[in-house]
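Undergrad: To convert, note that position 124 of the sequence shown is 248 in our numbering; the numbers rise steadily by one, no gaps. Here a beta-carbon is modelled for each residue, glycine too, at the ideal position from N, C-alpha and C. Please see the structure below; I have some questions.
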Amino acid sequence: MAIEIEPLFTLIGEAVVYFAAFLLIIAIIGSILIGYSFKTEKFIFPGFMLFSITLLENLVKALFRLIKMDDSIVDNVGITLKNKISLRKFRNTPINERMIFFPQCLRAITCPSKLSPEGMQCIYCGACEVGRAKKTAEMLGYKVFIVPGSSFIRRLVRKHKPSAILGVGCMTEIKAGLEMCEKIQVFSVGMVLDKAGCVSTVLDWDKFYEFIQKD
Ligand code: SF4
Numbered sequence: 125m126a127i128e129i130e131p132l133f134t135l136i137g138e139a140v141v142y143f144a145a146f147l148l149i150i151a152i153i154g155s156i157l158i159g160y161s162f163k164t165e166k167f168i169f170p171g172f173m174l175f176s177i178t179l180l181e182n183l184v185k186a187l188f189r190l191i192k193m194d195d196s197i198v199d200n201v202g203i204t205l206k207n208k209i210s211l212r213k214f215r216n217t218p219i220n221e222r223m224i225f226f227p228q229c230l231r232a233i234t235c236p237s238k239l240s241p242e243g244m245q246c247i248y249c250g251a252c253e254v255g256r257a258k259k260t261a262e263m264l265g266y267k268v269f270i271v272p273g274s275s276f277i278r279r280l281v282r283k284h285k286p287s288a289i290l291g292v293g294c295m296t297e298i299k300a301g302l303e304m305c306e307k308i309q310v311f312s313v314g315m316v317l318d319k320a321g322c323v324s325t326v327l328d329w330d331k332f333y334e335f336i337q338k339d
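This is the structure we're talking about:
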């Protein structure tokens, strides 16, 4: 029996068009919800939003750019949602099983610390807030590291095997860090810097202290 090629191609073509339209509708609804959540800080249908960000990130960001909106809002909402999902598990983890990672760019430009296999070795010189924050967190029971990059984080996580992680960094680092933690099944929360960059970055320290002391 001869196979009818033409109707088959038509069928496949129609299926592709319907599927593309379906994805576009999901991306549009996801974008509207993300924009609304960002503006109002009310996160409705968080599962759907996370689904659209995970599956259709590039398309959702393209829609934001199309209407001249900042596409970093998508990352911002994605991080907030992931933080909300992990927060309870993070808090339920004993403090001595939690790790904190600071990026080295938070240090003072004059920082005298030396690099070691455990990251930058703070000598608590007082030139920046990182030293005080590290000391405070360690007194609470956290393991705290100041790291120059993600390769350090991976190595330190392999070595110390934390059950939960609080990562501080720019939006891109936090996004990558949360994805890494999802893969290795470690509960993680990200705290985004108020001002990113290579040096002299800024963190909302009040928010940091409040977060580590709350349980
Ligand atoms: S407090 Fe620590 S991290 Fe900050 S500048 Fe001094 S040695 Fe560097």
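1) Express the C-alpha separation of I177 and L187 in angstroms, rounding to a whole number.
2) Under a Cβ-count criterion, where at least 16 other Cβ atoms within 10 Å of its own Cβ denotes burial, should T164 be classed as buried or exposed?
3) Return yes when at least one heavy atom of the ligand SF4 lies under 7 Å from the C-beta of V323, else no.
4) Assuming C229 and V323 form a contact by the criterion Cβ under 8 Å, report the distance between their Cβ atoms to the nearest whole angstrom.
5) Roughly how many angstroms lie between the CA atoms of G291 and I298, to the nearest whole one?
6) Quick one: grab the DSSP three-state call for F188.
7) Out of A257, S274, P241, point me to the one whose CA is closest to Y266's CA.
8) Please return the same chain residues whose Cβ sits closer than 6 Å to the Cβ of V271, not counting the five positions on each side in sequence.
9) With DSSP run on the structure shown, which of helix, strand or coil describes M193?
TA: Result, derived from the coordinates:
1) 12 Å
2) Taking all protein chains in view, the Cβ of T164 is surrounded by fewer than 16 other Cβ atoms within 10 Å, so the residue is classified as exposed.
3) no
4) 6 Å
5) 7 Å
6) helix
7) A257
8) F225, G243, I277
9) coil
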